[in-house]
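Some notes on the structure that comes next.
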Amino acid sequence: MANFLVVVDPDPERRSLFIKTVETLVPPVEGLITNSCSTENFHAIWAANSKAPISVVSDEEGAAMIWGQAIAQDSSTIIDAKELRNQWIGL
């Protein structure tokens with residue numbers, strides 16, 4: 068089980084206040100681990116089981132998150148968030 072919220076807002080104070088407000092509300096049940104990532108106007112927060120397959124990258128090039136596993140149709144290779152982002156932006 069996982070629960071997540073993503074906000075894109077150019078106002079950093081409003082974005083930060085919103086994330087702080089919802090942080091304790093994100094896990095719908097006890098025992099989930101809350102984590103987050105952000106870059107520029109983007110902030111994501113989620114709660115999931117510690118063993119959930121979650122891949123995240125967030126840096127000056129942008130952000131990407133995968134909840135579950137991303138596998139290309141013509142391959143059995145699991146793609147992580149950084150590789151997916153690089154494919155998306157054509158790096």
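Sequential numbering from 68 applies to the sequence shown in my numbering. Even glycine gets a Cβ: it sits at the ideal position worked out from N, Cα and C.
| said: I need the straight-line Cα distance from residue 109 to residue 129, nearest angstrom please. | reply: Answer to the nearest angstrom: the Cα atoms are 9 angstroms apart.
| field | Same chain only: Cβ atoms within 7 angstroms of residue 135, ignoring 5 sequence neighbours per side | value | Within the same chain, residue 135 has close Cβ partners 120.
| task | Report back the beta-carbon spacing between residue 146 and residue 138 to the nearest angstrom; my notes put them in contact at under 8 angstroms. | result | The C-beta separation of residue 146 from residue 138 comes to about 7 angstroms, placing the pair in contact by the 8 angstroms criterion.
| message | According to DSSP, simplified to helix, strand and coil, what is residue 116? | response | Assigned with DSSP and collapsed to three states, residue 116 falls in coil, not helix or strand.
| query | According to the Cβ coordinates, are residue 74 and residue 85 closer than 7 angstroms? | reply | When the beta-carbon positions are compared, residue 74 and residue 85 come within less than 7 angstroms of each other.
| said: Beta-carbon within less than 6 angstroms of residue 114's beta-carbon, same chain only, minus the 5 sequence neighbours each way: which residues are those? | reply: Closer than 6 angstroms at the Cβ level, and outside the excluded window around residue 114, lie 70, 93, 94, 99, 101.
| field | 7 angstroms Cβ cutoff met for residue 122 and residue 133 | value | Contact flag set, yes.
| For residue 107, the nearest candidate out of 91, 97, 127 (CA to CA) | Comparing Cα-Cα distances from residue 107 to each of 91, 97, 127, the minimum goes to 127.
| From what residue to what residue does the alpha helix (DSSP H) around residue 153 run? | Unbroken alpha helix (DSSP H) run through residue 153: 148-156.
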